[in-house]
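I have placed the structure first, in the form of structure tokens, so that the comments after it can refer back to it.
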Amino acid sequence: MGKGVSLKCTKCNYKKEHHLGVGMIIHAMLLKDYIDLNLPMHNKTKEKIKRLYYKKENLIIEPIIKLYKCKECNKIYNKYYFEIYNNPEYEYSNEGLEPIFKTEFKCWRCNLELKEINLEKLNKAVCPKCGNYSFNKDALFLWD
Ligand SMILES: [Zn+2]
Ligand SMILES: [Zn+2]
């Protein structure tokens, strides 16, 4: 089950829903299966994880969809964050293991590292349509 948030601009009424967390398709799995799904991923990241995969077969990926905001320009990003674990037991529990890879995201405008948004406090993001700092949380919902 995942969480979702819908955002609404108080200036131009533009609305957008973001689905976050994990669901039917997005959950922990073997890295090679995840690569086969062909989900959106930065090309550089894809190259890196493919190289990891060629070295070791027992890699587990734990993807989770998150919402980020740039501290500088308040732009919102909806991203597939993931961690990769070397888990030779093939168990889908990575508790106690350190990830061998985790994604980091940067704002394409400011080149600053993006921080995950606290959904409860989400407001005054920049509206993708009108560009005002008036893009606020409208409602939270659950999905799967
Ligand atoms: Zn920025
Ligand atoms: Zn707007």
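Here my numbering is used: the first residue of the sequence shown is -15, the next is one more, and so on.
Glycine included, each C-beta is placed from N, C-alpha and C at the ideal position.
So residue i is in the beta strand (DSSP E); what residue range does that whole segment cover?
| i | result |
| --- | --- |
| Lys121 | Phe119 to Trp127 |
| Glu1 | Lys(-1) to Gly5 |
| Glu46 | Leu43 to Lys53 |
| Leu96 | Looking at the DSSP string, Leu96 is not in any beta strand (DSSP E), and its letter there is neither H nor E. |
| Lys(-13) | Gly(-14) to Cys(-7) |
Quick check on the burial criterion: 16 or more other C-beta atoms within 10 angstroms. Buried or exposed for residue i?
| i | result |
| --- | --- |
| Met139 | For the chain, the structure presents residues -15 to 128; residue 139 sits outside this window and is missing. |
| Phe89 | buried |
| Pro47 | buried |
| Leu81 | exposed |
| Lys50 | buried |
| Phe119 | buried |
| Cys114 | exposed |
| Lys16 | exposed |
| Met(-15) | exposed |
| Lys136 | For the chain, the structure presents residues -15 to 128; residue 136 sits outside this window and is missing. |
Which residues mark the beginning and the end of the alpha helix (DSSP H) in which residue i is found?
| i | result |
| --- | --- |
| Lys63 | No alpha helix (DSSP H) contains Lys63, which is instead part of the beta strand (DSSP E) from Ile60 to Asn70. |
| Ile19 | Leu15 to Leu21 |
| Lys30 | Asn27 to Lys39 |
* Lining residues of ligand 2 - beta-carbon closer than 5 Å to any non-hydrogen atom, in sequence order -> Cys(-7), Lys(-5), Cys(-4), Tyr(-2), Cys111, Lys113 and Cys114
* Is it true that the segment 55 to 63 meets the segment 104 to 119, where meeting means three or more beta-carbon pairs spaced less than 8 Å apart? -> yes
* Asked: Quick one, what's near ligand 1 if you take every residue whose CB is closer than 7 Å to any heavy atom, in chain order?
  -> Cys54, Glu56, Cys57, Lys59, Cys91, Arg93, Cys94 and Leu96
* **At least three beta-carbon pairs within less than 8 Å, the segment 31 to 47 to the segment -15 to -8** => no
* To do: Would you check if there are 3 or more beta carbon pairs closer than 8 Å linking the segment 66 to 73 to the segment 83 to 101?
  => yes
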